[in-house]
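Remarks on the structure that follows.
Residue numbers (our numbering), protein chains in the order written: chain X, 1 to 186; chain E, 187 to 818.
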């Protein structure tokens, strides 16, 4: 692989784009606390405060998936196709499990209250839903990467691994803030 | 790297490598930043004409008391669409999409943007969102709750029709294009600068566009959140803005203005950038206080994020909040004033040659001072509460976003016209068009201060006799006709000169920045030799340019082995790698089409179909990235 001093354009593009995604979640989390501080009680309307253990464990899983992602990025830069593929796949498995468990949690919450119950329900499901969509998009990026890596590494694909790894780091960092907001009433 | 052959052979080879498909298909699949810039220019000018006709209809309705030209409903739709068009579909896309796209790569000595296909995607999404928004007018359901669309008026209960859905979805769609463009600009300026153009040697025009792009990246998400939450309230029944369900209508105002005030600087900063290009050229001297002006441009964008609630002083915010926002609104005057005094000092200490482009910049300075002074007044809370929602506010922001933002755009159209067409505009007609536009602007908008202080509220479709408003309104309307004549004269001058103008060389004005090094019109590859830069005024460093010319024969920095452009390091702009760039591609317009269908089906409430087209968009993206530039 060619050695360069500056980070590649693709990495920078992803970094700036993810800054905008972080601002999106900043606005959603801001909305959450705005509604909390203008409401008389929180959660509104006698909805039980969310459980803490399951969301925190799930977030820890997602954070852990950054390790294979970082190793995949390093392996790709050293030109090791097989190791890159396996590490991305490992991250993909953990991330899919995370999303599946999150969806189970989400639907079980929907049995207790809904987005149209009150403003708490509205922001609760919107904030978590926005996060899940970002995880789902990340899984699609993983799949695309896994398919491309089957025919080996190129300069372009090394950059793609680094950019997609960055996507996951930011989504994971955002997940920490989202879950902290989610469990804040407890 | 090919080092064989003479300079002429290298130029011929570059021409062959960078040539795109001929004809209409070539324009649809283009990834050339100059062609995309021109596509943006013509689209935004059409939309400017639409917004202008809407304004003339509004002014004609107000020409006399109790006029019956427009119904109240039609008036609501027209003033809303006028605002939405001018802000989202004219000023921002023409300055960023047209001027930025065409000029930025040229000014930094690059051959294209960092992401050429994403650049094409931005344009096609922008075009589709414009068509989407104007479909609402064609079917008679245009947005009608004002360009800032306050709830509860825009909630489902009071606006049950599709009008507001067009607004929300159309602006989210439009925002995708702006975000992509901003990302592209930032990376292009970070990584695409010619060797030697370290950050401190980047032209001030580029600093202004860097500031705008950074502001867009952080300002659009709050708007998107505001719009998504409103759409959820309207279509899913959530309660974000609904007091009965524990929500708060003021939440909309906060989210909207967290975007909306940076937006004002997003509109005005490109104008600052154009001013800092035109003033040095026509005063024959370098800008005064270059580093201060560069920092001020970035600071304005930054502080712009801390002033939003001065749009909300009349909503009963706590005193502690109003005091803070009042103070910050005063502070932001400082970086604006730094730039103003730098322009004035450059003019006064240079030898100004008042040709048409510089005249428009002088007009800009005058209007910016008037609009800026009335703007500072709003920082005083009691005064703001007195004039909120009167024509005084309308006068203020038209001086700023028409007088101060659009005049440099008009000056810029004249200034870079010879670069784009290879021909010169008519100077006497240009001067006349300036004076007509200048007088038209002043006569239209200045009396609005007076009628506003007399108590005339904005957004009323008519008014009764005997309030002392008749004469001022008549003058304003006549002024708007004069302004229209001035603008038509600008258009006519440029249209006729395109075919009849005197042919000019590559640098008719002795400009300072690298776009004047390229031929007029520039070749698809911009520069035969990638320039090496040693100051922010590279065209005035004659020896550097001579050195570049000699490199052509030696084959250095010609990069004619493929579709290539250099990438440099972020701060020092040292040559880092040679990138193989993607060439023309059918995927960007196709992706814009599938995305447009997503928004159409969201509008009509066909959720499943919308998700299907979202999946199709993902598939198109996958296919787009299947073929890698190295193998293209």
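Beta carbons are placed, not taken as given, at the ideal position from N, Cα and C, and that holds for glycine.
Can you name, in chain order, every residue of its own chain whose Cβ lies under 7 Å from the Cβ of residue i, other than the five neighbours on each side?
| i | result |
| --- | --- |
| residue 482(E) | 521, 524 and 525 |
| residue 480(E) | 390 and 393 |
| residue 292(E) | 700, 701, 704, 708 and 712 |
| residue 267(E) | 240, 323, 328 and 329 |
| residue 802(E) | 780 |
| residue 796(E) | 784, 787 and 788 |
| residue 569(E) | 563 |
| residue 822(E) | Because chain E spans 187 through 818 in this model, residue 822(E) falls outside it and cannot be assessed. |
| residue 545(E) | 617 and 620 |
| residue 593(E) | 546, 549, 550 and 553 |
| residue 645(E) | 265 and 332 |
| residue 503(E) | 495 |
| residue 242(E) | 666 and 670 |
| residue 461(E) | 529, 547, 550 and 594 |
| residue 1(X) | With a pLDDT of only 49 at residue 1(X), under 50, the local geometry of the prediction cannot be trusted, and no value is derived from it. |
| residue 101(X) | 58 |
Within its chain, find whatever has a CB closer than 6 Å to the CB of residue i; leave out the 5 residues flanking it on each side and keep chain order.
| i | result |
| --- | --- |
| residue 512(E) | 565 and 567 |
| residue 289(E) | 701 |
| residue 475(E) | 528 |
| residue 148(X) | 157 |
| residue 25(X) | 174 |
| residue 118(X) | 44 and 45 |
Based on the DSSP secondary-structure assignment, which residues constitute the bridge partners of residue i?
| i | result |
| --- | --- |
| residue 689(E) | 609(E) |
| residue 643(E) | 576(E) |
Find the residues of chain E that neighbour residue i, judging by a C-beta separation of less than 7 Å, and give them in chain order.
| i | result |
| --- | --- |
| residue 44(X) | 432 |
| residue 12(X) | 373, 376 and 377 |
| residue 39(X) | 432 |
| residue 140(X) | 804 |
| residue 119(X) | 425, 426, 431, 432 and 433 |
Output, in chain order, the set of chain X residues within a Cβ distance shorter than 7 Å of residue i.
| i | result |
| --- | --- |
| residue 423(E) | 116 |
| residue 407(E) | 20, 23, 24 and 27 |
List the whole-angstrom C-beta distance separating residue i from residue j, where the pair is believed to meet the contact cut-off of C-beta under 8 Å.
| i | j | result |
| --- | --- | --- |
| residue 668(E) | residue 381(E) | Going by Cβ atoms, the distance from residue 668(E) to residue 381(E) rounds to 50 Å, so no, they are not a contact pair. |
| residue 337(E) | residue 438(E) | 5 Å |
| residue 635(E) | residue 581(E) | 4 Å |
| residue 376(E) | residue 446(E) | Not quite, the Cβ-Cβ distance comes to about 28 Å (not below 8 Å), so this is no contact. |
| residue 67(X) | residue 128(X) | At roughly 24 Å, the Cβ-Cβ gap does not stay under 8 Å, so residue 67(X) and residue 128(X) are not in contact. |
Give me the chain X residues within the contact set of residue i, using Cβ-Cβ distance strictly less than 8 Å, ordered along the chain.
| i | result |
| --- | --- |
| residue 755(E) | 5 and 6 |
| residue 641(E) | Those within 8 Å of residue 641(E) in chain X number zero; the least Cβ separation is about 33 Å. |
| residue 301(E) | 9 and 13 |
Counting only the same chain and skipping the five closest in sequence on each side, list residues whose C-beta sits under 8 Å from that of residue i.
| i | result |
| --- | --- |
| residue 455(E) | 394, 395, 397, 398, 401, 483, 486 and 487 |
| residue 818(E) | Low local confidence applies: a pLDDT of 39 at residue 818(E) is under 50, so the model's placement there is unreliable, and no value is given. |
| residue 427(E) | 337, 338, 341, 415, 416, 419, 433, 434, 435, 437 and 438 |
| residue 660(E) | 249 and 250 |
| residue 739(E) | 192 and 193 |
| residue 143(X) | 92 |
| residue 134(X) | 21, 171 and 174 |
Determine the chain E residues that contact residue i at a beta-carbon separation under 8 Å, and present them in chain order.
| i | result |
| --- | --- |
| residue 34(X) | 434, 437 and 440 |
| residue 144(X) | 808 and 811 |
Determine the chain E residues that contact residue i at a beta-carbon separation under 9 Å, and present them in chain order.
| i | result |
| --- | --- |
| residue 17(X) | 365, 366, 369 and 403 |
| residue 168(X) | Under the 9 Å cutoff, chain E gives no residues; its nearest Cβ is about 17 Å from residue 168(X). |
Below 8 Å on C-beta distance, what does residue i contact in chain A?
| i | result |
| --- | --- |
| residue 342(E) | The structure shown contains no chain A; its protein chains are X and E. |
Since residue i meets chain X, which of its residues come closer than 9 Å, beta carbon to beta carbon?
| i | result |
| --- | --- |
| residue 750(E) | What residue 750(E) touches in chain X: nothing, since even the nearest Cβ is about 14 Å away. |
| residue 380(E) | Within 9 Å Cβ-Cβ: nothing; residue 380(E) doesn't reach chain X, min ~15 Å. |
| residue 415(E) | 28, 31, 122, 123 and 126 |
4-residue-minimum alpha helix (DSSP H) runs that sit fully inside the segment 190-215 of chain E, ordered along the chain: 193-204 and 209-215
Minimum length 3: unbroken beta strand (DSSP E) runs contained in the segment 713-769 of chain E: 750-754 and 761-766
4-residue-minimum alpha helix (DSSP H) runs that sit fully inside the segment 532-611 of chain E, ordered along the chain: 542-564, 567-573, 577-584 and 591-607
Whole alpha helix (DSSP H) elements within the segment 461-520 of chain E, 4-residue minimum: 476-489 and 505-517
Runs of alpha helix (DSSP H) wholly within the segment 337-421 of chain E (minimum 4 residues, chain order): 349-377 and 390-421
Secondary structure, alpha helix (DSSP H): runs of 4+ residues fully inside the segment 12-75 of chain X: 53-64
Every unbroken beta strand (DSSP E) within the segment 430-462 of chain E, with a cutoff of 3 residues, ordered by chain: none
Whole runs of the alpha helix (DSSP H) within the segment 255-318 of chain E, excluding any shorter than 4 residues: 258-270 and 287-293
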